[in-house]
Amino acid sequence: MREFSRPVKVEISPGARLPDTVFARAAEEPGTVALRRQESGQWRDVTCKEFRDDVVALAKALIAAGIEHGDRVGLIARTRYEWTAIDYAIWSVGAVTVPIYETSSAEQVQWILGDSGSKAVFVETAEHAARVEEVRADLPGLAHVWEIENGGVDEFTATGAGIEESAVEERRTAGGVDELATLIYTSGTTGRPKGCELTHRNLLFTILNVIRGPLEEVFTLEGRSTLLFLPLAHSFARIIQIGCIESKTVLGHFPTTGPELIDTLAVYKPTFLLAVPRVFEKVFNKAEQKATSEGRGKIFHAAAETAIAYSKALSTGSVPFGLRLKHALFAKLVYGKILAAVGGQARYAVSGGSALGERLGHFFRGVGLTIIEGYGLTETSAPTAVNTPSLNKIGTVGTPFPGVSIRIGEDGEVLCKGDHVMRGYWNNEAATRDAFDEDGWYRTGDLGSLDDDGYLSITGRKKEIIVTAAGKNVAPAVIEDRIRGHALVSQCMVVGDNRKFVSALITIDPEAFEFWKKQNGKSGDVPSLVNDPDLVAAVQEAVDDANKAVSRAESVRKFTILPVDFSEEGGQMTASLKVKRHVVAKQFGTEIDKLYEETA
Numbered sequence: 001m002r003e004f005s006r007p008v009k010v011e012i013s014p015g016a017r018l019p020d021t022v023f024a025r026a027a028e029e030p031g032t033v034a035l036r037r038q039e040s041g042q043w044r045d046v047t048c049k050e051f052r053d054d055v056v057a058l059a060k061a062l063i064a065a066g067i068e069h070g071d072r073v074g075l076i077a078r079t080r081y082e083w084t085a086i087d088y089a090i091w092s093v094g095a096v097t098v099p100i101y102e103t104s105s106a107e108q109v110q111w112i113l114g115d116s117g118s119k120a121v122f123v124e125t126a127e128h129a130a131r132v133e134e135v136r137a138d139l140p141g142l143a144h145v146w147e148i149e150n151g152g153v154d155e156f157t158a159t160g161a162g163i164e165e166s167a168v169e170e171r172r173t174a175g176g177v178d179e180l181a182t183l184i185y186t187s188g189t190t191g192r193p194k195g196c197e198l199t200h201r202n203l204l205f206t207i208l209n210v211i212r213g214p215l216e217e218v219f220t221l222e223g224r225s226t227l228l229f230l231p232l233a234h235s236f237a238r239i240i241q242i243g244c245i246e247s248k249t250v251l252g253h254f255p256t257t258g259p260e261l262i263d264t265l266a267v268y269k270p271t272f273l274l275a276v277p278r279v280f281e282k283v284f285n286k287a288e289q290k291a292t293s294e295g296r297g298k299i300f301h302a303a304a305e306t307a308i309a310y311s312k313a314l315s316t317g318s319v320p321f322g323l324r325l326k327h328a329l330f331a332k333l334v335y336g337k338i339l340a341a342v343g344g345q346a347r348y349a350v351s352g353g354s355a356l357g358e359r360l361g362h363f364f365r366g367v368g369l370t371i372i373e374g375y376g377l378t379e380t381s382a383p384t385a386v387n388t389p390s391l392n393k394i395g396t397v398g399t400p401f402p403g404v405s406i407r408i409g410e411d412g413e414v415l416c417k418g419d420h421v422m423r424g425y426w427n428n429e430a431a432t433r434d435a436f437d438e439d440g441w442y443r444t445g446d447l448g449s450l451d452d453d454g455y456l457s458i459t460g461r462k463k464e465i466i467v468t469a470a471g472k473n474v475a476p477a478v479i480e481d482r483i484r485g486h487a488l489v490s491q492c493m494v495v496g497d498n499r500k501f502v503s504a505l506i507t508i509d510p511e512a513f514e515f516w517k518k519q520n521g522k523s524g525d526v527p528s529l530v531n532d533p534d535l536v537a538a539v540q541e542a543v544d545d546a547n548k549a550v551s552r553a554e555s556v557r558k559f560t561i562l563p564v565d566f567s568e569e570g571g572q573m574t575a576s577l578k579v580k581r582h583v584v585a586k587q588f589g590t591e592i593d594k595l596y597e598e599t600a
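Note that UniProt numbering has the sequence shown beginning at 1, numbered continuously upward.
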């Protein structure tokens, strides 16, 4: 199949704007819990009226500061309650939110605030404020820097005490649905980030057709709630934030994906999760390590294989009686403990950002946590295609959601159309022209295919295709995802452009490495053990397993274990955890050359 479309479910009215629901819910159900916020380690309910009042107080202060309709306002903070309140306040005065990752360097901050022409910026901490101050001389249009912590929000809102609420109402209702809501700067795996212009229509069309379409079951669960822990600067978390407000799902925030997240999930007890594949890999690996350390490794592996077999049988529509019995036994012995680790209430999880991998998808569904994989980009307001809980074709990213069309170009590129697609790149007409073909289809830059039912599979990035010396085209995503699925592996980057064969650069997961050392009686750090025969053999197992998924011409013949992991701080990763291939190739050029020296 070359093209597939779904009819729209929800049409967006010309006067609709993102903050409308906040004000409507406060009027209709003021005492209903809308969010929960963490204060002194405890979770406190925030009602619809309280949230609306916080938004209004911030909006009044923005008006007092001279923020006009259409002005851009930066926001640098981790995922927290104030992020959402500030976002809706900016929208309530007709202004435009410009999110910036809190890990961004001073140079990145300068580029985004300068390119967007931001008039003001909210920062979370004094350290963020210092980062802005470092480049303030290069930002003549930046009039205000407001800090969130250290009482900054109360201090800021106090400045708006003299503004009437009617001024906020006038601003909120003045604009139309096609006005700019946010400028989200792409992570920039190559070149400088570009600002994606997303309108109120883009975001409302996307989320309303998703929550009343493929994810309706997730967003209508009794007592529904979620805990956001991915950065809200990323479009994936941002669209879920909006979805929670629109669907009356209780929203909580947590600022990190660190070890303390698991304890927090156990207390918060969300009904669904939002995460990237790496989070699910870590949950699996930690469960495996814990079982092995307690002498129950064989039981865990048998339980894992049973969960995978059970999920695969569900896909066929028939689960053999013997498999059902084994599954029921492991549900009591193993699966319940894994589900308890994420609060015990979650039955669904939405995964995006990169490929999950079929094995993990089947494992978690077999355990009782259905991971719904989707696909999209910042330029498409996050999603373009998504699976559904009941029609979850593992290994694909689902079908286009209602109102969206997907086409596969002659060269295999995934093209899409719909009101979810950005109107263009800010201040960059050339890039905007290049982003669309002559018929108005948005070029995603990804390669993929549609099956007979309209389900999309992503096979790689158009620009990341490796062409070996023999002329073989290799899409690295398939084998990289498989290798990364191994507990010991953190990151993997396949190389081989104009070379005789395909090789890989592999990094070690720090947490898994400590466990591996204990199990194997080793001491030392990663740099001192990169050539250790046992470590090399363990990574070779991951490579051998991954090679089963591809042809010999695409298989990894040689690899090297790097002494450091890829990181945002090291420049090898984007803030959304994508590998900057050109940076890695340059930084580790010597290591790549050595892979081919002996066989040159």
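Yeah, the Cβ is synthetic: ideal placement off N, Cα and C, and Gly gets one too.
The structure displayed is predicted, hence computed values, not measured ones.
- Count the other C-beta atoms from every protein chain shown that fall within 10 angstroms of the C-beta of His-69, then say buried if there are 16 or more, exposed otherwise. exposed
- Query: Rounded to a whole number of angstroms, what is the C-alpha to C-alpha distance between residue 601 and Phe-513?
  - Reply: Coverage of the chain is limited to positions 1 through 600, which leaves residue 601 absent and any answer about it impossible.
- Indicate the three-state DSSP secondary structure (helix, strand or coil) for Asn-473 in the structure shown. strand
- Message: Along the chain, where does the alpha helix (DSSP H) containing Lys-594 start, and where does it finish?
- Response: 589-597
- Message: What does the alpha-carbon distance come out to for the pair Ala-600 and Arg-499?
- Response: Low per-residue confidence applies at Ala-600: pLDDT is 38, beneath 50, and the placement is therefore not dependable, though the value from the model is reported in the following sentence. Roughly 10 Å between the two C-alpha positions.
- Query: Is the region 304-316 touching the region 326-337, taking contact as three or more C-beta pairs under 8 Å?
  - Reply: yes
- Consult DSSP for Arg-482 and reduce its assignment to one of helix, strand or coil. helix
- Item | Within 8 Å, strictly: CB atoms of Leu-450 and Arg-461 | no
- Task: Less than 8 Å between the CB atoms is what I'm expecting for Leu-371 and Phe-364, so what's the real figure, rounded?
- Result: For clarity, residue 371 is Ile in the given sequence; the question names Leu instead. That pair is a contact at about 5 Å.
- Message: Tell me the DSSP secondary structure of Tyr-442 in three-state form.
- Response: strand
- Message: Please report the distance separating the alpha-carbon of Gly-424 from that of Gln-42.
- Response: 42 Å
- On a CA-only basis, which of Arg-37, His-200, Val-421, Thr-459 is nearest Asp-20? Give me that one, please. His-200
- Task: Classify Tyr-101 as helix, strand or coil using the three-state DSSP reduction.
- Result: coil
- Query: How would you call Glu-597, buried or exposed, if buried means at least 16 neighbouring beta carbons within 10 angstroms?
  - Reply: exposed
- Task: Can you give me the Cβ contacts of Ser-354 inside the same chain, cut-off strictly under 6 Å, excluding the 5 residues immediately before and after it?
- Result: Pro-277
- Task: Following the continuous beta strand (DSSP E) through Arg-557, name the residue where it begins and the one where it ends.
- Result: 556-561
- Query: At which residue ranges does the region 483-521 contain complete beta strand (DSSP E) runs of 3 or more residues, listed in the order of the chain?
  - Reply: 489-495, 502-508
- Query: Hey, Val-414 and Ile-479: beta-carbon distance below 8 Å or not?
  - Reply: no
- Grab the span of the alpha helix (DSSP H) containing Arg-171 for me, first residue to last. 165-172
- Check whether Leu-529 and Lys-522 have beta carbons under 8 Å apart: yes
- Item | Residues sharing a beta bridge with Arg-407, DSSP | Glu-3, Leu-415
- Query: Going by Cα to Cα distance, which pick from Ala-130, Glu-511, Glu-568 is closest to Gly-258?
  - Reply: Glu-511
- Could you have a look at residue 612 and say whether DSSP puts it in helix, strand or coil? Not covered by the structure: residue 612. The range shown for the chain is 1 to 600.
- Residue interval of the alpha helix (DSSP H) (run including Leu-62): 48-64
- Could you have a look at Asp-437 and say whether DSSP puts it in helix, strand or coil? coil
- Query: Three-state secondary structure (DSSP) at Phe-284?
  - Reply: helix
- Message: Quick check on His-301: buried or exposed, where buried means 16 or more other Cβ atoms within 10 Å of its Cβ?
- Response: exposed
- Item | Assigned secondary structure, Leu-391 (DSSP; H/G/I helix, E/B strand, else coil) | coil
- Query: If you run the structure through DSSP and keep just helix, strand and coil, what is Ala-600?
  - Reply: Low per-residue confidence applies at Ala-600: pLDDT is 38, beneath 50, and the placement is therefore not dependable enough to give any value.
- State the CB to CB distance for the pair Leu-595 and Ser-503, rounded to an integer number of angstroms; the pair is presumed to be in contact (CB under 8 Å). 4 Å
- Item | Sufficient close CB pairs (3 or more, under 8 Å) joining the region 267-274 to the region 110-117 | no
- Task: Return yes when the Cβ of Glu-288 is within less than 8 Å of the Cβ of Ala-130, no when it is not.
- Result: no
- Is Val-10 near Asn-209, with beta carbons less than 8 Å apart? yes
- Check whether Ser-318 and His-362 have beta carbons under 8 Å apart: no
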